[in-house]
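For the sequence shown, my numbering gives the first residue as 839, with consecutive numbering after it.
Presented below is the structure to which this report refers.
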Amino acid sequence: MKKAIIIFLLCLPILLPARAGADSYSAGFYTRGVDGAYYLDSGDPVYDPFYMPAQRWALVPRLSISVSAEQTGDLSMDSDRTRSATIIRVIPGAMLIWGRPEARHLYLDYGLSIPAYTISGDFSDDPSHLLMLGGVFRTQKSQLHARFGFRRIEDLDTLVGARILKQDYVADVAVDHRVSTRTSVGVLGAYERHRFSADRFLGYDRLYGAARVYYDLSVKSQLFLQGGMGHDDVESNPEGYGNIDFHDVSVGMRGKPMPKTSVSGRVGYQWRTHDDDLRDDLERWIASLSANVNPLGFTTFSGTLYADLRPAVQESGATVIDQRLSLGAARRIITNRLRGQANVHAGQIEYRGPIQEPAQRETDFSLIYDRRRDEYWGYSLGLNYRTKHHVSFGLSYAYIENRAARDADRDVQRASSDDRSLWTIRFSWNY
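Here it is in structure tokens:
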């Protein structure tokens, strides 16, 4: 299976030229990317940034300074576990684009997040790096999309249940070709690499290849059917324990099915087969679907449905099932220069893997065991004001509550559950 996927990826450049709608993981890179380039032509007083054009290329610089105050505690109200931290970050960056986003173009987007001042012993002083490099090549009937992303970032991780320092790499390429008036075909491939600074977490690599058939619903929207196969390779497993082959089938949509509505992503089903014969196979529904609608022109409503199966980085041989739903709203307040936004999300994490006896679990409350289920929810509120001189000010608050080990006894639940709150004040130039 793994060899077949590698051959599939190597053959992509010579196969029929598909634009892969970005799944949630690669969409999470904190860079402006090509989406930011569209703002150059938008004329929107809020989103139109200062940039330096020179014939075929443009440079979009930015600089942010943020002050964040975070508090973490457990749900049992044990004051000994409550921690606070204040961080001042300087976040410079720039995007360079050659060509125009609606046609052939290349872009390079790079940013840093530098902890200039920290009151906490739990945070790294090293800067975070965020990079996205990509491009689009179009002809009358075909198009090629390719990109590479890298991030080194310290952040709260829902799957791990702790603040971790991690390095992620992602690369994807997609080609599609129109075969009739309303039908296109395409192929896509993706590679991910995940590594963690702490030795107790296992890194892993993911290879994925797929084929798609598109059908035009309208001039600006397409429905597609996708079938793919992949391989998850867990680090430090010479005997293949924990490695998994998987394949999936899904249906999706991209574009604007209605003038004020945009949809991107897919929903489907995945089957996973372990390289070893020690565990049962696993199958579950998957999703990476997002939608936005602005019915009256004032408020934009958004929703995201996500469900995926990945290796559990806390314990070799286990699989994590992550499912979550996010709903949000954003609108201008009194003037176009003042925008507000609100978001609420809820999710569930379930682990499948080697069964641990209750007596073994009690020695380590964070141990991942078969069928452990964590439930979490949270919300965020934010305001952003942009001046006439490409300067903006932002204020936000976020809260998340993790009720872990819902199928364990009360002591395990209290020891592994927590909640977090985060206040952030931001000053930005040309962001």
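Even glycine gets a Cβ: it sits at the ideal position worked out from N, Cα and C.
Beta bridge counterpart(s) of residue i as assigned by DSSP
i            : result
residue 981  : 976, 1014
residue 991  : 1004
residue 1073 : Looking at the DSSP assignment, residue 1073 forms no beta bridge with any residue, so it has no partner.
residue 1051 : 1023, 1063
residue 1264 : 904, 1232
residue 1258 : 910, 1238
Beta-carbon proximity list for residue i, same chain, < 8 Å, skipping 5 on both sides
i            : result
residue 1029 : 847, 1007, 1008, 1009, 1010, 1043, 1044, 1045, 1046
residue 1244 : 1211, 1212, 1213, 1251
residue 1021 : 1051, 1052, 1053, 1054
residue 1136 : 1169, 1170
Start-to-end residues for the beta strand (DSSP E) that takes in residue i
i            : result
residue 1254 : Segment 1248-1254 is the alpha helix (DSSP H) holding residue 1254; no beta strand (DSSP E) there.
residue 1021 : 1021-1034
residue 1239 : 1229-1241
residue 1040 : Counting along the chain, residue 1040 falls outside any beta strand (DSSP E), and DSSP gives it neither H nor E.
residue 1211 : 1211-1224
residue 1272 : The structure shown does not extend to residue 1272, since the chain spans only 839 to 1269, so no value can be given for it.
residue 1094 : 1082-1096
residue 1130 : 1120-1131
residue 899  : 895-911
Minimum C-alpha distance to residue i - residue among the options
i            : options                : result
residue 1260 : 1238, 1248, 1244       : 1238
residue 1164 : 1148, 1190, 1171, 1128 : 1128
residue 974  : 965, 992, 1014         : 1014
residue 1209 : 949, 1016, 1106, 1120  : 1120
residue 797  : 1180, 1095, 1065, 944  : Residue 797 is absent from the model: the chain starts at 839 and stops at 1269.
residue 922  : 1113, 1002, 956        : 956
residue 1265 : 909, 924, 929, 920     : 929
residue 1216 : 1118, 1012, 1184       : 1184
residue 989  : 981, 1004, 976         : 1004
residue 1066 : 1079, 1105, 1158       : 1105
residue 983  : 958, 943, 1228         : 943
residue 954  : 1254, 1016, 926, 1099  : 926
residue 985  : 979, 1012, 976         : 1012
residue 1256 : 1218, 1130, 910, 1083  : 910
residue 1285 : 1118, 1241, 1226       : This structure cannot settle anything about residue 1285, because the visible part of the chain is limited to 839 through 1269.
Proximal residues to residue i (C-beta, below 6 Å), its chain only, five neighbours per side dropped
i            : result
residue 780  : In the structure displayed, the chain extends from 839 to 1269; residue 780 sits before or after that span and is not available.
residue 860  : Here the model assigns residue 860 a pLDDT of 34, short of 50, so the residue's position is not dependable, and the following value carries that caveat. Closer than 6 Å at Cβ, skipping near neighbours: no residue.
residue 1206 : 1150, 1152, 1153, 1156, 1189
residue 868  : Interpretation of residue 868 is limited by its pLDDT of 36, a score under 50 that renders its predicted location unreliable; the figure taken from the coordinates is listed afterwards. Excluding positions up to five away in sequence, the list reads 968.
residue 991  : 966
residue 1062 : 1050, 1052, 1090
residue 1262 : 904, 906, 1234
residue 962  : 992, 1003
residue 1142 : 1128, 1164
residue 1058 : 1093, 1094
residue 1160 : 1146, 1187
residue 1246 : none
Nonlocal neighbours in the same chain, by C-beta distance under 7 Å from residue i, ignoring five residues either side
i            : result
residue 883  : Confidence is the limiting factor: at residue 883 the pLDDT is only 31, short of 50, which leaves the residue's position unreliable, though a coordinate-based value still follows. For residue 883, where only same-chain residues beyond five positions count, the Cβ hits under 7 Å are 1174, 1175.
residue 931  : 900, 948, 949, 950
residue 1071 : 1042, 1043, 1081
residue 1223 : 1175, 1176, 1230, 1231
residue 864  : Residue placement at residue 864 cannot be trusted, given a pLDDT of 35 that sits under 50; the coordinates are not used to answer.
residue 971  : 946, 985, 986
residue 1288 : Since the first residue shown for the chain is 839 and the last is 1269, residue 1288 is missing from the structure and cannot be characterised.
(request) Ignoring anything shorter than 3 residues or poking outside the region 918-971, list the beta strand (DSSP E) runs there in chain order. (result) Taken in chain order, the whole beta strand (DSSP E) runs of length 3 or more contained in the region 918-971 are 921-937, 943-957.
(request) Just list the beta strand (DSSP E) runs in the region 1134-1190, keeping only unbroken ones of 3 residues or longer that don't cross its boundaries, in chain order. (result) 1137-1149, 1157-1171, 1173-1190
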